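Enquirer:
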Amino acid sequence: MQSEKDAERIRDLGAPAEHVRASGNLKYDLDLPAPTAVSQWLETEARRARRTPIIVAGSVVATEEPLALIAFGTLQGEYPNALLVLAPRKPERFDAAADFIHESRRKFLRRSQLPLQSTPNGAGSAAVAIPPDVTVLLLDSIGELASLYRCADGVFVGGSLVESGGHNILEPAAFGKIPVFGPSMENFAEMASRFVSAGAAVQVESPEDAGVAWIGFFRAPERMRAMGDAARALVEASRGATDRALAEIARLLNNAGAPPR
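Residue numbers (our numbering): -13 to 247.
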């Protein structure tokens, strides 16, 4: 089981206590993603165009897109050169997200329309300029979100400002980015509570609160750095569940193959 609390629950359901182990959460054993064409481009082009801060709103679910835009709008009041990367959770939401951006009267780029190619060191990845009036990059692609957390100054983890149960906060945390998420984190309740208690994440009640949280970080860079370091350290300290689970499986298989006594 993931935790002792989970182990207690399964024992209460009738599992023999001697057969129950708490090995930790396998999700902590993630590998940091390699740079992608879009992360190389964004890092280089945002620096060139002085587009900062970069906010990555990842795994945003249906009807949450306008809330992410509201959060970003709160930030824009103080940081007009900010850039939002809006990453819908499911491909079928790409066009709906584009409609929401259009309705918010913002100019945006679609990732799918950027002719980018990966290069070993990122050289030449900024061939496409970000127009000055563009404030949103719509990530209408699959498999590139995790790499973009590397470029983020601020992060919102979606599925949390609507009643969806939340999503995994570990990818941004592993990069030392502070996960900001809403009240609906039932699917990751233990993880969310642990990070908030450690000063390694922020849970907010509204999109406006998310924008205010980012502004607070950027006004206090030392505090922001300390919280990011705490997030990364918590991920690193929690690794090892995979090895523990495999060791237990190997032990059981070995015992199953042993001759009867």
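Where a beta carbon is used, it is the ideal one built from N, C-alpha and C, also for glycine.
Everything numeric in this text was worked out from a predicted model, so none of it was measured.
Under 8 Å: do the stretch 124 to 133 and the stretch 178 to 191 share three or more Cβ pairs, one atom per stretch?
Expert: At 8 Å Cβ cutoff, the stretches do not touch.
Enquirer: So, with DSSP's three-state summary, where would you put residue 13?
Expert: Of the three classes helix, strand and coil, the one that applies to residue 13 here is helix, per DSSP.
Enquirer: Specify, as a first and last residue, the run of the alpha helix (DSSP H) that residue 52 falls within.
Expert: Run containing residue 52: 51 to 62, per the alpha helix (DSSP H) assignment.
Enquirer: Need the endpoints of the alpha helix (DSSP H) that residue 73 sits in, please.
Expert: Per DSSP, residue 73 belongs to no alpha helix (DSSP H); it is in the beta strand (DSSP E), 69 to 74.
Enquirer: Taking buried to mean at least 16 other C-beta atoms within 10 Å of its own C-beta, is residue 150 buried or exposed?
Expert: It counts as buried.
Enquirer: What is the DSSP secondary structure of residue 110, reduced to helix, strand or coil?
Expert: With a pLDDT of 42 at residue 110, under the threshold of 50, the modelled position of that residue is not reliable, and no figure is offered here.
Enquirer: With DSSP run on the structure shown, which of helix, strand or coil describes residue 43?
Expert: Strand at residue 43.
Enquirer: In whole angstroms, what is the alpha-carbon distance linking residue 167 and residue 39?
Expert: Those two C-alpha atoms are separated by around 18 Å.
Enquirer: Among 184, 155 and 164, which residue has its Cα nearest to the Cα of residue 172?
Expert: The shortest Cα separation from residue 172 among 184, 155 and 164 belongs to 155.
Enquirer: Tell me whether the beta-carbon of residue 50 lies closer than 7 Å to the beta-carbon of residue 147.
Expert: Yes.
Enquirer: What whole-angstrom Cβ distance do residue 37 and residue 87 have, given they're in contact under 8 Å?
Expert: Rounded, the Cβ-Cβ distance is 16 Å, inconsistent with contact.
Enquirer: Going by beta-carbon coordinates alone, are residue 42 and residue 135 separated by less than 7 Å?
Expert: The answer is yes: Cβ separation under 7 Å.
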